[in-house]
């Protein structure tokens with residue numbers, strides 16, 4: 001099983017709207033061009049389309065709200081709270 | 001046996017947590033927030049650990065993958081562990097990147113032998129670089145992961161047994177997946193190696209709709225813990241023979257701290273009911 005290629009294609013489908021549209025138009029062709037094996041192509045042809053849509057939306061929201069700046073802010077506030085308590 | 005119930009450390013909740021530390025058995029800190037910081041900031045984490053029992057939780061390693069986990073991330077995790085000295089650390093049974101792309105959150109991997117092999121190798125790598133293995137957490141998923149050849153409970157069990165890992169069972173993730181994909185949450189619980197469950201997450205979520213109107217339950221950590229999740233905690237308490245560490249996770253839309261403390265008490269109550277059932281059955 002070409003597990004890495006499979007994960008790479010899933011990551012692309014979850015994060016790239018155009019790639020997702022192309023895939024939904026031709027799932028077998030997209031999967032074959034990604035170098036997947038026949039059983040993997042079959043599984044992607046039968047993909048849970050509702051789940052794919054909702055997952056992609058959810059991941060996009062997460063990407064928009066996370067990041068180094070937010071982590072730094074959390075650390076500073078933690079330090080401040082502990083300093084105030086001391 | 002002493003079960004413990006605590007709260008996810010969030011900066012927004014810091015004042016409430018520190019003020020009510022007598023009602024919070026421990027806190028869980030997101031390790032990844034501290035990966036990029038220097039010694040001075042890590043001292044704050046050490047100070048926090050001196051004031052309240054602490055565990056660490058990772059969100060970005062991507063252990064359930066055929067791709068080897070990034071050594072730099074593991075080294076960063078080791079640094080944070082060294083600073084915080086947590087009782088344990090945990091990570092998700094998820095993949096978070098593929099083909100050089102960051103997905104941005106936890107994605108359910110194909111539930112296959114190849115993923116189990118990859119996760120086991122990644123756990124070994126974590127043991128080598130970090131010095132200890134994380135508890136592995138089941139994740140919520142909005143998609144039935146394609147390419148899978150086994151159901152979720154069997155997958156979690158197989159990874160835990162193959163990698164000799166302990167588990168962090170997220171009961172809202174279990175609840176959400178059970179309603180989204182139509183399986184019996186109690187049967188799932190019975191399929192797991194209960195003796196490997198050391199910690200538990202509780203959270204809430206909301207229903208979302210696809211463009212065609214189909215609904216799925218999203219685990220968003222922005223809502224109260226639903227009754228169904230406390231019921232699952234009671235069931236787990238009735239099945240487990242070991243002390244459990246329970247963490248309530250809340251990532252936003254924060255209610256007053258009193259409401260969160262009430263959720264901790266509800267968790268204690270659910271566990272106590274489950275423990276009492278087990279004692280009666282014995």
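Protein chains in written order, with my numbering: chain A, 1 to 86; chain B, 1 to 282.
C-beta atoms are modelled at their ideal positions from N, C-alpha and C, and glycine is treated no differently.
Distance CB(residue i)-CB(residue j) smaller than 8 Å
i: residue 250 of chain B; j: residue 8 of chain B; result: yes
i: residue 6 of chain B; j: residue 25 of chain B; result: yes
i: residue 84 of chain B; j: residue 136 of chain B; result: no
i: residue 91 of chain B; j: residue 53 of chain B; result: no
i: residue 57 of chain B; j: residue 31 of chain B; result: yes
i: residue 224 of chain B; j: residue 176 of chain B; result: no
i: residue 230 of chain B; j: residue 187 of chain B; result: no
i: residue 77 of chain A; j: residue 21 of chain B; result: no
i: residue 236 of chain B; j: residue 274 of chain B; result: yes
i: residue 103 of chain B; j: residue 25 of chain A; result: no
i: residue 56 of chain A; j: residue 20 of chain A; result: yes
i: residue 78 of chain B; j: residue 16 of chain B; result: no
i: residue 174 of chain B; j: residue 129 of chain B; result: no
i: residue 28 of chain B; j: residue 257 of chain B; result: no
i: residue 105 of chain B; j: residue 43 of chain A; result: no
i: residue 9 of chain A; j: residue 32 of chain A; result: no
i: residue 95 of chain B; j: residue 7 of chain A; result: yes
i: residue 39 of chain B; j: residue 261 of chain B; result: no
i: residue 51 of chain A; j: residue 190 of chain B; result: no
Coarse secondary structure for residue i, derived from DSSP in three states
i: residue 209 of chain B; result: strand
i: residue 116 of chain B; result: helix
i: residue 98 of chain B; result: strand
i: residue 257 of chain B; result: helix
i: residue 108 of chain B; result: coil
i: residue 2 of chain B; result: coil
i: residue 85 of chain B; result: coil
i: residue 79 of chain A; result: helix
i: residue 141 of chain B; result: coil
i: residue 46 of chain A; result: coil
i: residue 204 of chain B; result: coil
i: residue 57 of chain B; result: strand
i: residue 24 of chain B; result: coil
i: residue 292 of chain B; result: The structure shown does not extend to residue 292 of chain B, since chain B is modelled only from 1 through 282, so no value can be given for it.
i: residue 221 of chain B; result: coil
i: residue 29 of chain B; result: strand
i: residue 69 of chain B; result: coil
i: residue 216 of chain B; result: strand
i: residue 49 of chain B; result: helix
i: residue 29 of chain A; result: helix
i: residue 199 of chain B; result: strand
i: residue 241 of chain B; result: coil
i: residue 149 of chain B; result: coil
i: residue 124 of chain B; result: helix
i: residue 271 of chain B; result: helix
i: residue 169 of chain B; result: strand
i: residue 182 of chain B; result: coil
Cβ distance (whole Å) where residue i is taken to contact residue j below 8 Å
i: residue 155 of chain B; j: residue 111 of chain B; result: 4 Å
i: residue 222 of chain B; j: residue 200 of chain B; result: About 19 Å separates the two Cβ atoms, so there is no contact after all.
i: residue 139 of chain B; j: residue 108 of chain B; result: 6 Å
i: residue 12 of chain A; j: residue 99 of chain B; result: 6 Å
i: residue 278 of chain B; j: residue 228 of chain B; result: Rounded, the Cβ-Cβ distance is 20 Å, inconsistent with contact.
i: residue 192 of chain B; j: residue 163 of chain B; result: The pair is not a contact, with the Cβ atoms about 14 Å apart (cut-off 8 Å).
i: residue 74 of chain A; j: residue 33 of chain B; result: 5 Å
i: residue 59 of chain B; j: residue 88 of chain B; result: That pair is no contact at about 16 Å.
i: residue 86 of chain B; j: residue 47 of chain A; result: Incorrect: roughly 39 Å between the Cβ atoms, too far for contact.
For residue i, the nearest candidate out of the options (CA to CA)
i: residue 166 of chain B; options: B:196, B:143, B:212, B:282; result: B:196
i: residue 265 of chain B; options: B:223, B:210, B:202, B:159; result: B:202
i: residue 207 of chain B; options: B:146, B:142, B:164; result: B:142
i: residue 2 of chain B; options: B:253, B:241, B:11, B:280; result: B:241
i: residue 97 of chain B; options: B:87, B:68, B:113; result: B:68
i: residue 4 of chain A; options: B:279, B:122, B:192, B:118; result: B:118
i: residue 39 of chain A; options: B:277, B:149, B:122, B:101; result: B:149
i: residue 64 of chain B; options: B:151, B:86, B:159; result: B:159
i: residue 161 of chain B; options: B:131, B:180, B:123, B:184; result: B:123
i: residue 47 of chain B; options: A:8, A:80, A:2, A:27; result: A:80
i: residue 204 of chain B; options: B:89, B:171, B:178; result: B:171
i: residue 65 of chain A; options: B:252, B:269, B:259; result: B:252
i: residue 63 of chain A; options: B:260, B:101, B:76; result: B:101
i: residue 81 of chain B; options: B:213, B:245, B:127; result: B:127
i: residue 28 of chain A; options: A:41, A:52, A:18, A:82; result: A:41
i: residue 209 of chain B; options: A:53, A:61, A:82, A:71; result: A:53
i: residue 263 of chain B; options: B:226, B:280, B:281, B:272; result: B:226
i: residue 13 of chain B; options: B:259, B:43, B:60; result: B:259
i: residue 76 of chain B; options: B:51, B:37, B:93; result: B:37
i: residue 18 of chain B; options: B:4, B:41, B:42, B:51; result: B:51
Residue i CB to nearest heavy atom of the ligand NAP below 7 Å
i: residue 45 of chain A; result: The model depicted lacks the ligand NAP and carries no ligand whatsoever.
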